[in-house]
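Chains as they are written, first to last, in my numbering: chain A, 1 to 338; chain B, 339 to 676; chain C, 677 to 1014.
We put the CB at the ideal spot given by N, CA and C, even for glycine.
Have a look at the structure below, then the notes.
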């Protein structure tokens, strides 16, 4: 795959400063780029790397274009330009629109046109796969699951009974959708509460490798349109995630929680059960959300990283914070009383 | 499935206030319930939702029954009533007690009566599956594994050699039992320490999707009867978890740690290696347990969630806690000395 | 398997104090050891357990050998002795060097000598498996993957296209290598950024159960020689992990971060994107690394564990840290001004 700078400029409406005939054969980051590569400047602070870059051209914002030593494509949104241009160079294997003969497909399953089912996949009774669905090798699709048009499951995904997946979704390997929610009631021992509902996933949802989304007990677990879940995210039973929210890797969300739309939830965040988070909330990495968030904005918890010996001294202070407050109050009182 | 309120009342010994002939076709939570649904009031603070609920009846505690606009089933333990009643409406597919022809079963494996082995499952040499065991599609069962009566493995579970699983256990998709513990000794590079022991799991244990339990190096990793592990829990080598302890999702437990019985360990907790936690300890979500807990009770760590700009100011203070303590002491001394 | 103390002494150059003819049939820890077991003393504080141990002999450091009631093998590095001796007793099943007939292997794949491919494994077009490679049952190996000599994948591993794995690597069940990195650009909705690069893994790398390593967008995600990743670790796209670094379970590493060599990263650590961590950095369990670490040493974050009621009082203080600092300053000023 080769394409000229001129063609990229035309196709994506990016102003070119430089030789339109230069051939681009791939993309690479600023420091690794070789001749033939198009690179990107996302942050002005990396501008110093431009001088040493072997890239054949760079996409950057006009504000960064002064004295640029490389041919330039100007973009108001270099990251968006990246997303668009990268699709030209995407060589990821596409589904082959065939049913592999080692797949086991129940006679009652209904398959649309151009469906792919990979080797050793299992499609159970009552499953409905719409046109263009791709089921990767080794996937197991439980009874009465439905999957919408052009959705793609990569290898070794497990889907329990009655889960519904929308259109154009991507589910990565090792993900598990619809396992029982974690519900017990103590009665001398922990008695299991049957999880009667399922998981409903909207359109254009991407679900990362090893991510788990549990089925609900008294209502469905719902993931709205356009949600993106990174790898190893855990979504508890009955939880609801609003449209276009992105959740980074290893975040754990307990049950019956309602998360709004357009939220950005950092990696390894913990969110407790039965709370509400409104739209457009940003939560920084590894925060614990232990109460509802009713106002949009950015939230954090935790302490900053410190060298171990200094940290230990701060921890001593943390344990005495209550006492410190009292001592300050007493000092103020003594001074006030003169 | 339909059942009258009268029958539910009789079967579970719950006093009925209302029309015994009302038909119940399912369960649902307070806000989503439709006509035909039985709902539950677990918390008095949600009582206000009763007026708007379309449910046909509600299970609640006598203390909440005054002026209830719906037919009522009284229970001293509404959550326990829920667990019992829900089993009536559980339509999850049950194992079909057959051996799928694409399963690969070693000739030396011994299978009891009414065993199910799903499509593309692999059962290795020396495996013993007791009566009523169900192995889901795509599971891989290593050499000499034994699984007790009526235990069920969902799809795509991986069990390494010599793991022992008790009776009536449930293992969800993507779980991995018996992989090598994380043990190395530094000798210029990291030299692997063979993990000679295995994983022993008691009766009535439930193991969540994507949960991993490592085999031991100098002793077995042991999970006692009635333990419930949620999704994506990690249990290190040689660790011991006592009976009827429940551990929520994404909790990471390092090796050679002993956790007592009847503990409740919140989601995304971290527990370091080689410590002891006694019985009946409760640990709140996302706490780090960095030393033994020798007294029962509730424990926490971390900081509360704050808006990002206020949090940053607290972090500045956290780094100065040691200095603040000293300054308070100095102030006290100056005042004392007059 | 039985071996005499004398033979162990000779084979590993450990001085024996006691009867060389004693037969050792296995290893066990200090408290569980039975007659026939060799045990180990790694920490002088456990010396008191020696008196009660039923072990037939113990490996310990000379400094701990005084008055030892058991036959002794002396070692300057008892843990290294352990790693060496344990390999004598390792009965884990080895790959059988055969291709199972239910494996699906594309005609264009190239397999070396003594390669094992387990039941129901899938080996796609263009894959290269070097001599002695073992692919476990249920693994799915994507297009154009290459795996070096004597590397072993346990059951149900998923490898996406073009991933490269070096020699003598071990990949545990449920691991997913090469899934798409988590990259989107907001354009009214979240637009996916194609992840054009792959994952490159060096030699002698071990990857734990359920661990996920994403493919890169503008450069390869690289794991250098000798790296050990525990279970359920997440490695983001384009991240680089230096040689002989060990990362404990459930650690989440975001994208485009560079981690040095010989680092020890504790369990459940979070590391944000686009930072640098130099060589020989140690990070304690559950810390959040939110900025680059440019000096070797030990780092921590978080707060110590506290009983819940005391913890709540410290949290109140944490929220007032900014105010407390101001009040201390004011007190100092008032006293200074006398």
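Proximal residues of chain A, C-beta to C-beta of residue i below 7 Å
| i | result |
| --- | --- |
| residue 766 (chain C) | The contacting residues do not exist; residue 766 (chain C) stays about 28 Å from chain A at best. |
| residue 417 (chain B) | 185 |
| residue 365 (chain B) | 196, 218 |
| residue 564 (chain B) | 189, 190 |
Within-8 Å CB hit, residue i to chain A
| i | result |
| --- | --- |
| residue 425 (chain B) | yes |
| residue 476 (chain B) | yes |
| residue 1010 (chain C) | yes |
| residue 819 (chain C) | yes |
| residue 421 (chain B) | yes |
Under 9 Å from the C-beta of residue i: neighbouring residues of chain A
| i | result |
| --- | --- |
| residue 544 (chain B) | 180, 182, 184, 190, 192 |
| residue 433 (chain B) | Residues of chain A passing the Cβ test: none, with the nearest at roughly 12 Å. |
Outcome for residue i when other beta-carbon atoms lying within 10 angstroms are tallied against a minimum of 16
| i | result |
| --- | --- |
| residue 856 (chain C) | buried |
| residue 536 (chain B) | buried |
| residue 691 (chain C) | exposed |
| residue 459 (chain B) | buried |
| residue 783 (chain C) | exposed |
| residue 628 (chain B) | buried |
| residue 1002 (chain C) | exposed |
| residue 78 (chain A) | buried |
| residue 1013 (chain C) | exposed |
| residue 368 (chain B) | buried |
| residue 69 (chain A) | exposed |
| residue 677 (chain B) | A query on residue 677 (chain B) cannot be resolved here, the shown segment of chain B reaching from 339 to 676 and no further. |
| residue 110 (chain A) | exposed |
| residue 542 (chain B) | buried |
| residue 195 (chain A) | buried |
| residue 240 (chain A) | buried |
| residue 566 (chain B) | buried |
| residue 102 (chain A) | buried |
Whole-Å CB distance - residue i paired with residue j, under 8 Å assumed
| i | j | result |
| --- | --- | --- |
| residue 303 (chain A) | residue 653 (chain B) | 6 Å |
| residue 715 (chain C) | residue 729 (chain C) | 6 Å |
| residue 912 (chain C) | residue 890 (chain C) | 6 Å |
| residue 306 (chain A) | residue 964 (chain C) | So it is not a contact: roughly 11 Å between Cβ atoms. |
| residue 274 (chain A) | residue 248 (chain A) | Between residue 248 (chain A) and residue 274 (chain A) the Cβ distance is about 23 Å, and since that is not below 8 Å, they are no contact. |
| residue 562 (chain B) | residue 589 (chain B) | Contact doesn't hold; Cβ gap of about 17 Å is too wide. |
| residue 360 (chain B) | residue 403 (chain B) | About 17 Å separates the two Cβ atoms, so there is no contact after all. |
| residue 83 (chain A) | residue 861 (chain C) | 5 Å |
CB contact below 8 Å: residue i versus chain B
| i | result |
| --- | --- |
| residue 339 (chain A) | There is simply no residue 339 (chain A) to check, as chain A begins at 1 and stops at 338 in what is shown. |
| residue 289 (chain A) | yes |
| residue 210 (chain A) | yes |
Neighbouring residues, chain A, relative to residue i (Cβ below 8 Å)
| i | result |
| --- | --- |
| residue 370 (chain B) | 218, 219 |
| residue 510 (chain B) | 176, 179, 180 |
Chain-ordered chain C contacts of residue i [CB-CB under 7 Å]
| i | result |
| --- | --- |
| residue 7 (chain A) | Near residue 7 (chain A) there are no residues of chain C at all, since even the closest Cβ is about 18 Å away, more than 7 Å. |
| residue 254 (chain A) | None at all; the shortest Cβ gap to chain C is about 17 Å. |
Within-8 Å CB hit, residue i to chain C
| i | result |
| --- | --- |
| residue 286 (chain A) | yes |
| residue 465 (chain B) | no |
| residue 552 (chain B) | yes |
| residue 308 (chain A) | yes |
Proximal residues of chain B, C-beta to C-beta of residue i below 7 Å
| i | result |
| --- | --- |
| residue 120 (chain A) | 458 |
Any non-hydrogen atom of the ligand GDP within 7 Å of residue i CB
| i | result |
| --- | --- |
| residue 983 (chain C) | With respect to small molecules bound, the structure shown includes none, and the ligand GDP cannot be examined in it. |
Chain C residues whose Cβ lies nearer than 8 Å to that of residue i
| i | result |
| --- | --- |
| residue 619 (chain B) | By Cβ distance, chain C contributes nothing, its closest Cβ being about 11 Å from residue 619 (chain B), past 8 Å. |
(request) Return the residues of the segment 633-644 of chain B that lie within a Cβ-Cβ distance of less than 7 Å from chain C, sorted by chain order. (result) Against chain C - using a Cβ distance shorter than 7 Å - the residues of the segment 633-644 of chain B are 635, 636, 637, 638, 639, 640, 641, 642, 644.
Where the segment 484-508 of chain B meets chain C: residues whose CB sits under 8 Å from a CB there:
Flagged, chain order: 494, 496, 498, 499.
Discussion item. Under 7 Å, CB to CB, which of the residues in the segment 904-925 of chain C have a partner in chain B?
Written reply: Within the segment 904-925 of chain C, the qualifying residues are 904, 906, 907, 908, 920, 922, 924, 925.
Taking a cut of 7 Å between CB atoms, which residues from the segment 264-276 of chain A lie near chain B?
Flagged, chain order: 270, 272.
Inset, instruction - Could you please tell me which residues of the segment 313-330 of chain A, in chain order, have their CB closer than 7 Å to any CB of chain C? - result: Residues 315, 318, 319, 321, 322, 324, 325, 328.
| For the segment 440-451 of chain B, which residues have a CB atom closer than 7 Å to at least one CB atom of chain C, in sequence order? | Per Cβ criterion, the list reads 442.
Using a Cβ cut-off of 9 Å, which residues of the segment 384-416 of chain B contact any Cβ in chain A, in chain order? Hits within the stretch, in order: 415.
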